[in-house]
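The structure appears below as structure tokens.
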Amino acid sequence: MAGGDPGKPCLDPTEGSRTALLGAFCMFLSALDYLIPKPLPFMRIGLANLPILLALDVLSPANYCRLVLLKVLGQGFITGALFSYVFLFSLAGSVASAALMYGLRWGLGKKFVSFMGIGLAGAFVSNSVQLVLARFFVFGESALYLAPPFLAAGIVSGAALGLFAKTFTAQSHWFQNAGLCFASPGMPGRFAEAMPDKSPGPLGVPGLKQKFLFAFRFLGGLGAVVLFLLVPSLGIKVALFVLFWLLAAVAGKKTRPVSTFAVIGGVVFCNLFPPYGKVLVQAGPLSITLGSLIGGVRKAVTLEGLVMLSKLFVSSGFTLPGSFGRLLGESFRILEKLNERKGKITGGVVEIAGSAAAPGGGARAGKQVSGGPQSDPAAAKKNRFMETLDGLLLELTEGGASRPGSSGPS
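Read in order, the letters of the sequence shown correspond to residues 613 to 1022 in my numbering.
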């Protein structure tokens, strides 16, 4: 746990507010991760795991679990994939990864495993679980061919996030303050004030309209998913997929046709192996058979049809009832503040990536910056980015997003 100065007051004394803040960062980084082109529909670089790593030392087990659920639901809301296989993959991978990381941190202890080791282990188990699910739901036996690059990418990203977390926690004033607050539980805070338990709804009954809308959209979406999955005819399933796509487009949702067709083509191609059924085309060692082609089209249309269906029923304003719903709503409110300052974060990420990719940049990235003429530009940019991120966390904690209606400088 990060230490803090006992003489300094705890800026953020409630775990609820820390959970909401870290949840907002999970959503922000998930959105950034989602925009990066990737070959697989469920593949993620894992940027949203950074707040999960930081939370290991500043949240109780219960709030740590809530944060993981915030991350998964936030990804589902932002990407519109709540009722799709992508959400199932994200849920399974995140839960398995978070459980392992928490067990390593508090089972073995900080002396035996570092943030880098925890990040590596978390990324590996997350990708492994997702590959197992992809084997049964999407790619079939061809998932074995995707395993090496997929696992390798996870190892690289996990190591990078772990190294960043190690450096950031050693320098961050916010993290030290959060550690001080975590060591002083039970102090009064602003979180309950920011999210009151009851607020009169438009119908005169607290939250009645919100609960009705939630039930209607959730049950409607869930029912549509079940019906879509039970359709036996491939032709009807394709027609429903086209209908969902058109409705999503009319509703103003981003349908990304190029990405959609790329995913469909990739899933169909992977399902051509092993071939079975009548041979349609023979091109050298490659045999395109009727059985494997139909199976691939069915899986691809099901995968993307569920995504389009989710986009119809899910949005960032999709609220949940109860205390967790208020926690989720607070995270979305903080997310709006983060989006106002997104240039500070995305710009820093681009700068670091560009410096690391420059000739010799990556080789010097781990050296300490001395401030002299021979200082490493990549390390200097990384330090500036960490200072910016730390300042942003402190700003949001001290009042930029902790009081309803407040707004800090953008």
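No residue lacks a Cβ here, since even glycine has one placed at the ideal position from N, Cα and C. All of these numbers come straight from a predicted model, not from anything done at the bench.
- Counting only residues of its own chain and dropping the five nearest sequence neighbours on each side, T781 has a CB closer than 8 angstroms to the CB of A614, L666, D669, F727, F787.
- Under the three-state reduction of DSSP, V919 is assigned to helix.
- Of the candidates L1001, T631, F689, L703, T631 places its Cα closest to the Cα of A674.
- Looking only at L1004, L1005, L1006, M998, the smallest Cα-Cα distance to Q783 is reached by M998.
- Three or more beta-carbon pairs drawn from the segment 739-759 and the segment 705-714 are found closer than 8 angstroms, and the two stretches are therefore classed as touching.
- For G734, the closest alpha carbon among the candidates F830, L716, K723, F724 is that of L716.
- Taking the Cα positions, F699 is about 22 angstroms away from L633.
- The three-state secondary structure of T872, taken from DSSP, is helix.
- G832 counts as exposed, since fewer than 16 other beta carbons sit within 10 angstroms of its beta carbon.
- 7 angstroms or more divides the Cβ of G907 from the Cβ of F840.
- Between the alpha carbons of I664 and Q894 lies a gap of roughly 49 angstroms.
- Using a Cβ distance threshold of 7 angstroms, V879 and K911 count as a contacting pair.
- 7 angstroms or more divides the Cβ of F640 from the Cβ of L1006.
- For T901, the uninterrupted beta strand (DSSP E) run begins and ends at 898-901, by DSSP.
- Boundaries of the beta strand (DSSP E) harbouring L892: 891-895, taken from the DSSP string.
- In the three-state reduction of the DSSP assignment, Y676 falls in the helix class, which pools H, G and I.
- With respect to the 7 angstroms criterion, T901 and V891 are classified as neighbours on the basis of their beta carbons.
- Taking 7 angstroms as the cut-off, the Cβ atoms of G770 and L732 count as close.
- DSSP places P887 in the coil class of the three-state scheme, outside both helix and strand.
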